[in-house]
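S.K.:
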Amino acid sequence: MYTQALNTKETLRPVAPEDMEREARFQARIDAEEKIEPNDWMPEGYRRTLARQISQHAHSEIVGMLPEGNWITRAPTLRRKAALLAKVQDEGGHGLYLYAAAETLGISREEYVEQLLSGRAKYSSIFNYPTLTWADIGAIGWLVDGAAIMNQIPLCRCSYGPYARAMIRICKEESFHQRQGYEIMLTLCRGTPEQKAMAQDALNRWWWPSLMMFGPSDKDSQHSDQSMRWKIKRFSNDELRQKFVDATVPQGLYLGLTFPDPDLKFNEATGHWEFGEIDWSEFKNVIAGNGPCNKQRMKQRRKAHEEGAWVREAALAYAQKRKARREQRAQAA
Amino acid sequence: MTTITVADIPLVQYALRLADNALVLGHRLSEWCGHAPMLEEDIALANIALDLIGQARMLYTYAGEVEGAGRDEDQLAYLRDAPQYRNVLLVEQPNGDFAVTIVRQFLYSAFMLPFWRRMKESKDETLAAIAAKAEKEVAYHLRHSAEWVVRLGDGTDESHRRAQEALDDLWIYTGELFETDDVERALIEAGIAVDPASLREEWSRTVDEVLNEATLTRPADGWMQTGGRSGRHSEHLGYILADLQFLQRAYPGATW
Ligand SMILES: [Fe+2]
Ligand SMILES: [Fe+2]
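Quick mapping for you: the protein sequence lines, in order, are chains A and B.
Just so you know, we're using the working numbering here: the first sequence kicks off at 1389 and counts up by one.
Just so you know, we're using the working numbering here: the second sequence kicks off at 785 and counts up by one.
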């Protein structure tokens, strides 16, 4: 799940008394763990927050196809090639379910895509890093899909029904991706010294960006409280990040790899892995568009969209012709 | 490990031809993933690519078994150089615009559907079993690509123009689909291989039906390009293999 960029505060407007009553009833339903469905009344802020979060999540799936797609033609064996292609295809499928879930909030997929291509909507900063070697495909599966799972499992219980249901489906596939990625890392770490060095280099480059996927630290996060009350979010950014570190560090040590963090140490008393300070200036810069691949990724998306315009127009024109012909036949009959 | 040459056993060469066709086209389609005109097509083209790569894997594995030199699917796919590749020229042609990809897929699938249907009767049990699986897959490839040929042909002026251009450009590679040589003739006589000439009529009918619905004009059969089956390829295959084989070549003998 890639909602880290969701960082703008909901502007609160004065609320009419009848709305306050409705809001109270709405909140009561949420407190009772009832699912909110598309036709139910919901506060505007709830609708906006979800539309933004789900569409950002969808955009991330789509942009995320690019860095991994970069290795499909160069995968080292036919089995790896098929698995990677299937994985990237899954991400496209996730994008589809998520756009469908986001559309239930009254905004069309075309509008959401337009928001992405015009740069108004964000996507996860992780996909602005390059995939330089085959080991990056392992590292992404292990770390990026791993971090996504940490974020997404609680979203399976999100108060908004269509989002929660999409997440249940997606989570199953993400955990498969995570295992597949880890297995690539394991194979490299058991391979030649060059392969092991490739795996270490990938960990060095992907570790910190993976931690950034959980978004700003709780003390700097503006939106969490309301999202928590609405049960869109169940855990804070820092809680999820800690869970991820605790789950991932032993896996990396098992591979015989070294994490690029001299401050990483296990705290016997708390049972948690403590880690060093994230470079928040890098995080802010990548979000702001200054990451290694921001411009490249958006150019690739825009190019695919623009070059596909005539195809989409053709499909539409053909559908209209067919409809007109059917109607003509019906009239003649 | 260096470049390998595969034994001149007819059945091995035959399986390799089929495998190379499937792999090269699957590879081409996989280039679209993330760049298609719409998300649904990213997924559909990846589906077709996955089917083809799956077919290639079964066929390479079988070729390796028959050869008996201990070569697996990856050695056959990653360690042969372009002159050793045996695919038809049609499948290695660049993706071009979406019309080129779709027309290429359509012309190929319209041939492969009756091919696999016939291959189910092969006296070679493995090829017959592969055919049973591939037939179902290719039926979808044909349906999907034919639907798009119709949409593009009968869509807008621009899509019609692009589809017609793709058809005109690719037609010269269709003759090769129906060729036979000594390698195949003996296998056809033994009831193992399919005689491609026997599929021409059905292929031609499918093509006419779809082009007619798409309001596209069937190009005249003129001079045809050939050579893929004897290893004489277009310039494009070398680049496909440069990508495909990069890691195996850069780190010889490593396990991935
Ligand atoms: Fe995903
Ligand atoms: Fe994934």
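Just so it is clear, CB atoms sit at the ideal spot from N, CA and C, and this is done for glycine as well.
#1: Below 6 Å CB to CB, which residues in the same chain sit around residue 1010 (chain B) once its five sequence neighbours on both sides are set aside?
#2: Please give me, in chain order, every unbroken run of the alpha helix (DSSP H) with length at least 4 that falls completely inside the region 1560-1616 of chain A.
#3: Determine the contact status of residue 1522 (chain A) and residue 1573 (chain A), defining contact as a CB-CB distance below 8 Å.
#4: Can you give me the C-alpha to C-alpha distance between residue 931 (chain B) and residue 988 (chain B), rounded to a whole angstrom?
#5: Quick one, which of A:1506, A:1625, A:1669, A:1570 has its alpha-carbon nearest residue 1723 (chain A)'s?
#6: Taking three-plus beta-carbon pairs below 8 Å as touching, is the region 1589-1597 of chain A in contact with the region 1640-1650 of chain A?
#7: Interface residues of chain A around residue 820 (chain B) at Cβ under 8 Å?
#8: Just the C-alpha distance for residue 937 (chain B) and residue 947 (chain B), rounded to the nearest angstrom, thanks.
#9: Taking 7 Å as the cut-off, is the CB of residue 1565 (chain A) close to at least one heavy atom of ligand 2?
#10: What does residue 1462 (chain A) reach in chain B if we use C-beta pairs closer than 8 Å?
#11: State the Cα-Cα distance for the pair residue 1545 (chain A) and residue 1552 (chain A), rounded to the nearest angstrom.
#12: On the DSSP bridge assignment, give the partners of residue 1548 (chain A) in chain order.
#13: Quick check on the DSSP output: the beta strand (DSSP E) that includes residue 1654 (chain A) runs from which residue to which?
#14: Apply the 10 Å Cβ neighbour rule to residue 1007 (chain B) and answer buried if 16 or more other Cβ atoms are within range, or exposed otherwise.
#15: Distance check for residue 876 (chain B) and residue 1015 (chain B), CA to CA, integer angstroms please.
#16: Show which residues of chain A have a CB atom less than 8 Å away from the CB atom of residue 814 (chain B).
#17: Anything in chain B within Cβ reach of residue 1590 (chain A), meaning under 7 Å, just list it in chain order.
#18: For residue 1405 (chain A), is the classification buried or exposed, using 16 other Cβ atoms within 10 angstroms of its Cβ as the cut-off for buried?
#19: Taking the straight line between their C-alpha atoms, what separation do you get for residue 869 (chain B) and residue 1012 (chain B)?
#20: Under the criterion of a Cβ to heavy atom distance below 7 Å, does residue 1509 (chain A) qualify as lining ligand 2?
#21: Report the neighbours of residue 811 (chain B) on chain A: residues whose CB is nearer than 7 Å to its CB, in chain order.
#22: Using only the heavy atoms of ligand 2, determine whether one of them is closer than 7 Å to the beta carbon of residue 1571 (chain A).
#23: Quick check: is any heavy atom of ligand 1 less than 7 Å from the C-beta of residue 1482 (chain A)?
#24: Spell out a yes or no on whether the region 839-847 of chain B and the region 909-928 of chain B are touching, meaning 3 or more CB-CB pairs, one atom from each, closer than 8 Å.
#25: Which stretch, first to last residue, makes up the alpha helix (DSSP H) that contains residue 1698 (chain A)?
#26: Using 8 Å for Cβ pairs, my map puts residue 1697 (chain A) next to residue 935 (chain B). What's the rounded Cβ distance?
#27: Assuming residue 1601 (chain A) contacts residue 1666 (chain A) under a Cβ cut-off of 8 Å, what Cβ separation, rounded to an integer in Å, is found between them?
#28: Distance check for residue 1587 (chain A) and residue 1607 (chain A), CA to CA, integer angstroms please.
#29: Near residue 1677 (chain A), what residues of its chain come up, given a Cβ to Cβ distance below 7 Å and the 5 sequence neighbours on each side ignored?
#30: Report the residue from A:1469, A:1499, A:1652 whose alpha carbon sits nearest the alpha carbon of residue 1634 (chain A).
#31: Enumerate in chain order the residues of its own chain whose CB-to-CB distance from residue 1570 (chain A) is below 6 Å, with the five nearest sequence positions on each side excluded.
#32: Just checking residue 1533 (chain A) against ligand 4 - is the residue's beta carbon closer than 7 Å to any of the ligand's heavy atoms?
#33: Under a three-way DSSP split, which group does residue 1395 (chain A) fall into?
#34: Going along the region 1471-1498 of chain A in order, which residues come within less than 7 Å of chain B, judged by CB to CB distance?
#35: Evaluate the contact criterion for the region 1435-1454 of chain A versus the region 794-805 of chain B: three or more CB pairs, one atom per stretch, below 8 Å.
#36: Please tell me whether residue 1038 (chain B) has its Cβ less than 8 Å away from any Cβ of chain A.
M.R.: In terms of the structure at hand:
#1: Short of 6 Å from the beta carbon of residue 1010 (chain B), and not among the five residues preceding or following it, lie these beta carbons of its own chain, in chain order: 960.
#2: You should have 1581-1600.
#3: 8 Å or more divides the Cβ of residue 1522 (chain A) from the Cβ of residue 1573 (chain A).
#4: Just so you know, the alpha carbons of residue 931 (chain B) and residue 988 (chain B) end up roughly 17 Å apart.
#5: Since the first residue of chain A shown is 1389 and the last is 1721, residue 1723 (chain A) is not available in this structure.
#6: A contact exists between the region 1589-1597 of chain A and the region 1640-1650 of chain A.
#7: Residues of chain A passing the Cβ test: 1692, 1696.
#8: Distance between the alpha carbons of residue 937 (chain B) and residue 947 (chain B): 6 Å.
#9: Under cutoff, so the answer is yes.
#10: Ordered by position in chain B, the residues that pass the 8 Å Cβ test against residue 1462 (chain A) are 1027, 1028, 1030, 1031.
#11: Cα to Cα, residue 1545 (chain A) sits roughly 6 Å from residue 1552 (chain A).
#12: Per DSSP, A:1424.
#13: Note, residue 1654 (chain A): beta strand (DSSP E), 1653-1655.
#14: Residue 1007 (chain B) comes out exposed.
#15: Spanning the two alpha carbons is a distance of roughly 12 Å.
#16: 1460, 1461, 1469, 1473, listed in chain order.
#17: For residue 1590 (chain A), no chain B residue has a Cβ inside 7 Å of its Cβ, as the nearest lies near 14 Å away.
#18: Here residue 1405 (chain A) is exposed, its C-beta having fewer than 16 other C-beta atoms within 10 Å.
#19: Rounded to the nearest angstrom, the two C-alpha atoms are 8 Å apart.
#20: Checking the Cβ of residue 1509 (chain A) against ligand 2 gives no.
#21: Per Cβ cutoff of 7 Å: 1461.
#22: No, Cβ of residue 1571 (chain A) sits at least 7 Å from all heavy atoms of ligand 2.
#23: At least one heavy atom of ligand 1 lies less than 7 Å from the C-beta of residue 1482 (chain A).
#24: A contact between stretches requires three or more CB pairs, one per stretch, nearer than 8 Å, and the region 839-847 of chain B meets this requirement with the region 909-928 of chain B.
#25: 1697-1720 is the extent of the alpha helix (DSSP H) around residue 1698 (chain A).
#26: Not confirmed; about 14 Å, so no contact.
#27: Not really, about 11 Å apart at Cβ, beyond 8 Å.
#28: The C-alpha of residue 1587 (chain A) is placed about 34 Å away from the C-alpha of residue 1607 (chain A).
#29: Cβ within range, chain order: n/a, list empty.
#30: Nearest option by C-alpha distance: A:1652.
#31: Apart from sequence neighbours up to five positions away, the residues of its chain that approach residue 1570 (chain A) with a beta-carbon distance below 6 Å are 1530, ordered along the chain.
#32: Among the ligands in the structure shown, ligand 4 does not appear; only ligand 1 and ligand 2 can be found there.
#33: Because residue 1395 (chain A) sits at a pLDDT of 42, beneath the cut-off of 50, its placement in the model cannot be relied upon, and the point is left open.
#34: Residues passing the 7 Å Cβ filter: 1473, 1474, 1476, 1477, 1480, 1481, 1483, 1484.
#35: Taking 8 Å as the limit for Cβ pairs, the verdict is that the region 794-805 of chain B does not touch the region 1435-1454 of chain A.
#36: So yes, residue 1038 (chain B) belongs to the interface.
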